[in-house]
Amino acid sequence: MKTKSLLVISIIVILTMVLASCAKATPVATEAPSAAITEEPMTAPATDIDCMGAEAGDTISMLYQWSGVEEENLNKILAPLVEACGIVLNPESTRDQALLDTRVQAGTPPDVTFWNVTQLSQYETKLIAMTDLGVNGDNYADYWKSIGTVNGKWLGLPVKADPKTLIWYSPTNFTTDGYTIPTTWDELDALVEKMVADGKVPWSTGMESGDATGWTGTDFIQDILLVTQGPDYVMGIIDGTIPYNDAGVKAAYEIYGKWAMSDTYAVGGSAGTVSVGFNDAILKVFSTPPEAMMVKQSGFAGGTVKDTYPDLVYGTDYDFFGVPGAQGLQGGSDWMMAFSDKPAVKALVAYLSSAK
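Using the numbering used here, read the sequence shown as starting at 24 and increasing by one per residue.
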């Protein structure tokens, strides 16, 4: 069943250690960190970089989903490698996984791709093992290696992790309208109803994402399950001990459906949920005037807001709080996969996996 597979695939990359340690944690509002959420990424000194036989002018074609701040940060991270080895990067950004699928099937894949963990199994026979590319394996815990391993081959290198159990909002708008951050699920439900009574739309739930459309919905349902059923129940869905048509799963869908399918609760109702792009859904909360009061989205949402509204201030104009009542934290990650073993790719793998 496709819906179940989406749920399972995403939950596989849940930060299981956090789920275990935070089983009874009570979420609280986050305070603005001392450093901006788009803080300069760490880079290695150019003199410490092993070019793995790559020569000036060697190229690496790259395909990834990132744009804006995320893409800028990648360029900053890779700048020392480019400087030290003279490698020429040929990047391409797209949210359409079908483009990657088409190129792989046609035998013309990029040298490397940065994508989510599901593609490791999909492209297993086409990918080069990290151990054949000069990876510095000692710098990774067995947990991360195991996620990136398919049939005994380490095929993916984790490069970016994102917490998903977050709700983004405007502190300025909350203060203006007299709303406070909920600390329990019942308080969140009451807040949603209060917003509706005040004539406001609580949620922006757009999920359009090309061939990947729907992932924001499964993320939302997974967080509802972490609230209503807990992590053991979620893991039971994964290992098959809890059927996907169990009453707890049905109840989670009903909660989500009440909000996402009604234009009283979500921008555009069911049509908006299906047709509005997930990045546009984020921005609807921070437009003037706002089209919605909240959006449940991963940590990258802050970068999306900053890209479009650079004058907005994190902690004042946009911020987030954890999904109240969630017994744990859901997470997602992006992985580097290689379709080529040429020296420039080996240099990239060695660089990204270095202790620097």
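Backbone N, C-alpha and C define an ideal beta-carbon position, used for all residues, glycine too.
Model, not experiment: these values are computed from the prediction.
Let me know the secondary structure DSSP gives residue i once reduced to three states.
i, result
"T339", "coil"
"I278", "helix"
"D4", "The chain is shown from 24 up to 379; residue 4 falls before or after that span and cannot be answered."
"D165", "helix"
"M75", "coil"
"V234", "Checking the sequence, you will find Asp at residue 234 rather than Val. Reduced to three states, the DSSP call for D234 is strand."
"V272", "helix"
"K149", "helix"
"K307", "coil"
"A289", "strand"
"A55", "With a pLDDT of 31 at A55, under the threshold of 50, the modelled position of that residue is not reliable, and no figure is offered here."
"K379", "coil"
"I204", "coil"
"A349", "coil"
"P312", "coil"
"Q252", "coil"
"D246", "helix"
"D212", "helix"
"C45", "Because C45 sits at a pLDDT of 32, beneath the cut-off of 50, its placement in the model cannot be relied upon, and the following sentence gives the value as read from the coordinates. Coil at C45, not helix or strand."
Let me check understanding here. Comparing Cα to Cα, which of the options lies closest to residue i?
i, options, result
"D357", "A373, S363, F323, T251", "F323"
"T131", "R118, N139, L150, V140", "L150"
"T236", "V182, F301, M85", "F301"
"K187", "S363, I100, D246, A370", "D246"
"M230", "P133, W238, V308", "W238"
"D155", "K223, N96, M75", "M75"
"D234", "Q88, I83, T195, A79", "Q88"
"Q120", "A164, L86, D221", "L86"
"K217", "Y202, G295, V328", "Y202"
"F137", "T125, T148, R118", "R118"
"F344", "F197, I244, I261", "F197"
"S144", "T172, F243, Y163, T125", "T172"
"I278", "P266, D209, I265, Y256", "D209"
"P114", "L180, E95, T264, L248", "E95"
"W177", "Y166, A184, K183", "Y166"
Which two residues bound the contiguous alpha helix (DSSP H) that contains residue i?
i, result
"K183", "Per DSSP, K183 belongs to no alpha helix (DSSP H); it is in the beta strand (DSSP E), 180 to 186."
"E106", "91 to 108"
"G295", "292 to 298"
"D155", "First-last for D155: undefined, no H or E at that position."
"A324", "324 to 331"
"M263", "As written in the sequence, residue 263 is Gly, which differs from the Met given in the question. Taken as a continuous stretch (DSSP letters only), G263 belongs to no alpha helix (DSSP H), as it is neither H nor E."
"D124", "120 to 128"
Are the CB atoms of residue i and residue j nearer to each other than 8 Å?
i, j, result
"S116", "Y341", "no"
"W226", "A315", "yes"
"P254", "G351", "yes"
"V290", "W191", "no"
"T228", "A304", "yes"
"A367", "D81", "yes"
"S321", "G292", "no"
"F309", "Y332", "yes"
"V135", "A373", "no"
"A77", "A370", "yes"
"G326", "V92", "yes"
"A274", "T241", "no"
"V215", "I170", "no"
For residue i, write down the residues that DSSP places opposite it in a beta bridge.
i, result
"T239", "For T239, which the question treats as bridged, DSSP gives no partner whatsoever."
"A361", "V135"
"V140", "The partner list for V140 (beta bridge, DSSP) is empty, contrary to what the question assumes."
"P114", "M85"
"S356", "A184"
"I190", "K319, F344"
"V173", "K176"
"W226", "A289, M317"
Just to confirm, does residue i get its C-beta within under 7 Å of one of the non-hydrogen atoms of the ligand FMN?
i, result
"G91", "Among the components modelled here there is no ligand, and therefore nothing to report on the ligand FMN."
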